[in-house]
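Right, one structure below, let's go through it.
Protein chains: 2
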Amino acid sequence: MLNPFHVDKADQATLSQLQVDLQSQFDQLKQDKLSLDLTRGKPSADQLSLSNSMDGILEGNYFSDSGTDSRNYGGLDGFPETKAFAANILKTAPEDILIGGNSSLTLMYHAVLFANLFGLNESQSAWNNENGVKFLCPVPGYDRHFSICQELGIEMVPVPMDENGPIMDKVEALVKADSSIKGIWCVPRFSNPTGITYSTDTVERIAKLGTYSASNFCVFWDNAYAVHYCEPNAKDVSSLMDFAKEYGTEDNVMLFGSTSKITFAGSGLSYMASSSKNLAAFKKHLGMLSIGPDKINQLRHLKFFGNRAGLDQHMQKHADLLKPRFDAVLSALDENFTSSSALTWTKPEGGYFISVDAQPGLARKIIELAASLGVKLTPAGATFPYGKDPEDKNIRLAPSFPTIEEITKAMEVFVLCVKLATVEQQLSKAS
Amino acid sequence: MLNPFHVDKADQATLSQLQVDLQSQFDQLKQDKLSLDLTRGKPSADQLSLSNSMDGILEGNYFSDSGTDSRNYGGLDGFPETKAFAANILKTAPEDILIGGNSSLTLMYHAVLFANLFGLNESQSAWNNENGVKFLCPVPGYDRHFSICQELGIEMVPVPMDENGPIMDKVEALVKADSSIKGIWCVPRFSNPTGITYSTDTVERIAKLGTYSASNFCVFWDNAYAVHYCEPNAKDVSSLMDFAKEYGTEDNVMLFGSTSKITFAGSGLSYMASSSKNLAAFKKHLGMLSIGPDKINQLRHLKFFGNRAGLDQHMQKHADLLKPRFDAVLSALDENFTSSSALTWTKPEGGYFISVDAQPGLARKIIELAASLGVKLTPAGATFPYGKDPEDKNIRLAPSFPTIEEITKAMEVFVLCVKLATVEQQLSKAS
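Those sequence lines, one after another, are chains D and F. The first sequence begins at 1 in this note's numbering and counts up by one. The second sequence begins at 432 in this note's numbering and counts up by one.
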């Protein structure tokens with residue numbers, strides 16, 4: 001076996017022998033009839049159990065601190081106390097916040113829908129009054145953002161990312177040149193899937209976009225992993241809203257988040273933040289379809305955390321469960337591909353994903369090979385608009401849900417599949 | 432005082448004296464500086480307390496009978512057990528059901544949105560491919576249905592109702608004559624606001640509409656008060672879905688309901704039912720904006736009710752709280768307006784509302800008079816499309832939320848305002 005895995009420097013004979021060895025390991029692993037899954041950014045059962053005390057936590061007191069009966073109708077945008085909780089996470093002010101139901105995805109969809117159909121300023125600000133609507137999509141990114149655009153007929157323009165976030169020279173040039181660009185999707189901390197956190201300079205430049213963009217342009221700032229660190233001293237992200245207030249671009253930003261990966265994935269709270277003008281327009285349209293979010297669940301969350309220190313202690317428990325899982329992935333990659341051209345990867349300090357780049361043209365092949373051994377990986381291309389990774393090289397690994405043993409086994413398979421695919425590609429280049 | 436209140440038969444002198452007496456009572460009541468509210472169909476705190484045991488009811492067991500972890504992601508359309516629960520209420524089969532979040536209004540909005548933008552059959556079935564979309568709106572009806580139409584640019588065509596439901600001769604003629612009619616709003620049991628329940632003949636004829644309507648026509652069957660009786664032997668409504676299956680029109684019906692007025696108004700379960708084809712299309716689009724409904728809350732509801740008998744016992748407790756409130760309204764009306772032309776009203780056996788018709792031209796006036804005495808009534812016109820009651824005579828009374836004492840006082844004011852407005856109208860006619 002080549003160690004380090006320098007296939008690009010190996011001669012033909014070495015490669016051929018390697019291919020035979022790897023294929024034999026592959027055939028052997030096939031006997032194991034594995035059924036493992038590294039696809040979904042789902043919390044593990046242990047993580048979910050951290051919040052088990054939430055059901056029943058109210059002990060019969062269904063009234064908010066401000067005296068509202070949480071059981072009845074009313075309250076389209078959430079309790080003041082919940083707004084304060086969310087504002088702290090999104091780094092903005094409580095009056096900028098609207099509380100949603102169990103999914104920030106729903107808030108994002110409705111924000112795009114309303115901006116498109118009705119406009120968030122006045123009716124002439126509706127995007128669909130104009131010819132063609134485009135969104136900038138930093139890649140690799142989150143497939144559900146891309147699905148919203150596709151569903152609502154919005155053209156997606158990919159923009160590359162580096163370790164500081166989207167390449168801002170490109171973003172700025174595109175926004176300046178094309179007023180049909182109405183939005184940009186951002187996951188600013190522990191980005192899905194690369195795990196990188198936007199630099200302060202990037203955040204400031206993103207807040208500044210509204211000073212020269214189309215007036216109805218909006219940054220969709222999905223701060224899904226705002227407090228989801230694995231390393232205690234993980235890099236934090238600066239406040240977009242603070243910069244927006246400095247540049248007078250509050251109307252051009254919408255921030256989102258949820259407790260789906262803090263408490264219960266399917267039964268958390270979602271929240272968004274924007275300017276008072278945008279929130280007023282959003283609420284006007286939201287009121288046509290909603291009687292307001294579940295207020296009892298808001299009270300449960302408030303009582304469960306108590307204060308920010310309570311949230312931080314809770315997130316440390318998540319980190320304790322997540323870190324060994326990330327380490328299981330990273331150590332397998334380190335052991336096998338350090339200084340190899342076959343694979344590069346990110347080393348996130350938090351979030352839910354590790355992003356790997358194989359040699360161009362191999363992502364789909366690797367994912368197929370792993371599937372044939374019973375290891376499900378996120379479909380090739382999923383991290384790109386329209387499901388099309390132009391270089392066919394990016395793969396998203398999601399280690400939160402399986403056990404350490406399952407991750408270790410799945411990574412054994414993954415490593416083998418990367419090696420086999422890379423060697424075969426190398427051989428076919430040589431022939 | 433005239434008793435019975437036969438103002439139409441009174442002479443000028445009697446009317447003048449009456450006007451003076453009523454105005455004096457009015458001025459006296461003004462001193463009381465009342466603050467009462469008969470506007471909203473909200474459960475009272477006592478009703479909400481019937482479900483107080485729900486928080487904590489799971490006792491740490493977050494797994495469904497079928498073994499699913501309710502805390503995690505997944506399950507776009509609800510647990511099989513929840514579907515069975517909802518199917519029983521909507522009188523259809525579990526496989527016809529989709530479980531939503533805390534509001535059936537949201538399901539209805541999305542159903543109209545998806546049918547309009549994308550089509551529920553294939554893309555050519557989208558309503559907005561055609562020139563103009565219309566909905567039939569039986570009147571008086573529910574303002575939030577009308578708001579959805581207005582928001583999404585759908586023209587509303589009012590259709591009168593009688594004690595059996597919408598006047599079906601008119602409905603059928605309109606649907607036959609105009610293929611741009613794509614929907615009809617129905618509240619089939621204890622209709623909002625009249626409280627009437629559709630006859631079996633009406634239900635059958637509504638199910639049959641799909642045999643000659645536009646193929647993408649859909650009945651929006653909001654069975655909001657399906658089990659919400661006040662009288663134990665209240666008239667029930669027949670199964671729309673049974674008739675639809677008989678006529679092969681399952682694609683032309685969508686049924687809705689929720690537990691908002693069964694458990695917690697803001698934290699219940701919503702559900703809908705339709706054909707497998709419609710549900711598949713609905714789910715495809717729903718999946719773009721939802722991670723699925725709150726599954727923990729489903730488990731709470733299932734455990735709380737146990738079975739249909741549990742639900743029935745629970746609804747009897749609601750009835751025990753609601754009936755005296757309805758009686759307080761009805762006895763005030765009986766006492767003052769029996770056999771009077773000044774006011775006619777419905778005597779619902781369930782639901783949340785009593786609908787009254789004053790003399791044409793007086794609804795707005797009466798509501799204004801009551802407001803000036805501190806009694807809030809539903810705004811005039813709210814029960815009609817575009818907020819326009821063509822005869823300005825309908826007023827919706829909602830007695831569920833206030834105490835009996837408050838209702839009694841509010842009705843004293845209401846009765847006085849009806850009398851004063853009627854006498855003044857009569858006098859101005861005579862002059």
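Cβ coordinates follow ideal geometry from the N, Cα and C atoms, glycine included.
message = Spatial neighbours of Tyr-678 (chain F) within its chain, please: C-beta separation below 6 Å, excluding the five flanking residues on both sides.
response = Ala-638, Lys-639 and Thr-642
- Item | Touch test, the segment 91–102 of chain D against the segment 308–321 of chain D, Cβ-Cβ under 8 Å, three pairs minimum | no
Short check: CB of Ile-488 (chain F) to CB of Tyr-702 (chain F), under 9 Å?
no
Handout entry: Beta-carbon gap between Gly-165 (chain D) and Val-219 (chain D) smaller than 9 Å
Key = no
key: Partner residues on chain F for Pro-193 (chain D), Cβ-Cβ distance less than 8 Å   = Those within 8 Å of Pro-193 (chain D) in chain F number zero; the least Cβ separation is about 17 Å.
Q. So, are the CB atoms of Ser-706 (chain F) and Asp-673 (chain F) less than 9 Å apart?
A. no
Leu-460 (chain F) and Val-787 (chain F) - do their beta-carbons sit closer together than 9 Å?
no
ask   = What's the gap between the Cα of Glu-59 (chain D) and the Cα of Asp-486 (chain F)?
value = Approximately 8 Å between the Cα atoms of the pair.
Measure the C-alpha to C-alpha separation of Leu-333 (chain D) and Gln-298 (chain D) and round it to an integer number of angstroms.
41 Å
>> At the level of alpha carbons, what is the spacing between Tyr-198 (chain D) and Pro-348 (chain D)?
In response: 12 Å
query = Using the C-alpha atoms, what's the distance from Thr-82 (chain D) back to Leu-269 (chain D)?
reply = Their Cα atoms are separated by approximately 9 Å.
Of the listed residues D:Lys-235, D:Ala-281 and D:Ala-380, nearest to Ala-115 (chain D) (C-alpha basis)
D:Ala-281
Would you be able to state if there are at least three C-beta pairs under 8 Å between the segment 539–557 of chain F and the segment 716–728 of chain F?
Between the segment 716–728 of chain F and the segment 539–557 of chain F there are three or more C-beta pairs closer than 8 Å, enough to call the two in contact.
Best match in F:Cys-568, F:Trp-652, F:Glu-561 and F:Ser-622 for proximity to Ser-610 (chain F) [C-alpha to C-alpha]:
F:Glu-561
- Message: Closer than 8 Å is the cut-off here; do at least three beta carbon pairs connect the segment 146–161 of chain D with the segment 374–387 of chain D?
- Response: yes
Next on the checklist: Let's see if you can read the secondary structure: which residues bound the beta strand (DSSP E) around Asp-653 (chain F)?
Outcome noted: Per DSSP, Asp-653 (chain F) is one residue of the beta strand (DSSP E) stretching across 649–653.
Next on the checklist: Can you look up Cys-617 (chain F) in the DSSP assignment and give me helix, strand or coil?
Outcome noted: strand
Legend entry - Chain-ordered residues of the segment 123–157 of chain D with a beta carbon less than 7 Å from chain F: Ser-147, Ile-148 and Glu-151
Review point. Of all Cβ atoms in chain F, is any one closer than 9 Å to the Cβ of Ala-207 (chain D)?
Key: no
**Message:** Can you confirm whether Lys-601 (chain F), when its beta carbon is compared against all beta carbons of chain D, has any partner nearer than 9 Å?
**Reply:** no
Once DSSP output is grouped into helix, strand and coil, what is the label at Asp-389 (chain D)? coil
task = Check the Cβ of Pro-43 (chain D) against every Cβ in chain F and list those closer than 9 Å, keeping chain order.
result = Arg-502, Asn-503 and Tyr-504
- Limits of the unbroken beta strand (DSSP E) element including Phe-135 (chain D): Unbroken beta strand (DSSP E) run through Phe-135 (chain D): 134–139.
Please list the terminal residues of the continuous beta strand (DSSP E) segment that includes Leu-686 (chain F). Run containing Leu-686 (chain F): 684–689, per the beta strand (DSSP E) assignment.
Exercise. If we ignore side chains and look at the alpha-carbon of each, how far apart do Ala-177 (chain D) and Phe-217 (chain D) end up?
Worked result: 13 Å
query: Checking contacts by CB at 9 Å: is Asp-55 (chain D) closer than that to chain F?
result: yes
Next on the checklist: Counting only beta-carbon separations shorter than 9 Å, does Ser-51 (chain D) have a partner in chain F?
Outcome noted: yes
- Query: How should Ser-213 (chain D) be labelled, buried or exposed, when 16 other C-beta atoms within 10 angstroms of its C-beta is the threshold for buried?
  - Reply: buried
- Message: Just to confirm the assignment: which complete beta strand (DSSP E) runs, minimum length 3, are found wholly within the segment 57–132 of chain D?
- Response: 97–99
Q: Confirm, please, whether the CB-CB distance from Arg-620 (chain F) to His-659 (chain F) is below 9 Å.
A: yes
* Asked: Using the beta-carbon count (16 or more within 10 Å), is Phe-516 (chain F) buried or exposed?
  -> Looking at its Cβ environment, which holds 16 or more other Cβ atoms inside 10 Å, Phe-516 (chain F) is buried.
message: Let me see if you follow: with CB-CB separation under 9 Å, is Thr-696 (chain F) close to chain D or not?
response: Checking the sequence shown, residue 696 (chain F) turns out to be Ala, not Thr. At least one chain D Cβ lies under 9 Å of Ala-696 (chain F).
Looking at chain D, is there any beta carbon in it that lies within less than 9 Å of the beta carbon of Arg-827 (chain F)?
So no, Arg-827 (chain F) is outside the interface.
How many angstroms separate the CA atom of Asn-102 (chain D) from the CA atom of Ile-262 (chain D)?
Linking Asn-102 (chain D) to Ile-262 (chain D) through their CA atoms gives a straight-line distance of about 12 Å.
Counting only Cβ pairs nearer than 8 Å, list the residues of chain F close to His-285 (chain D).
Within chain F, the residues near His-285 (chain D) are Glu-582.
Helix or strand or just coil, what does DSSP make of Leu-152 (chain D)?
Reduced to three states, the DSSP call for Leu-152 (chain D) is coil.
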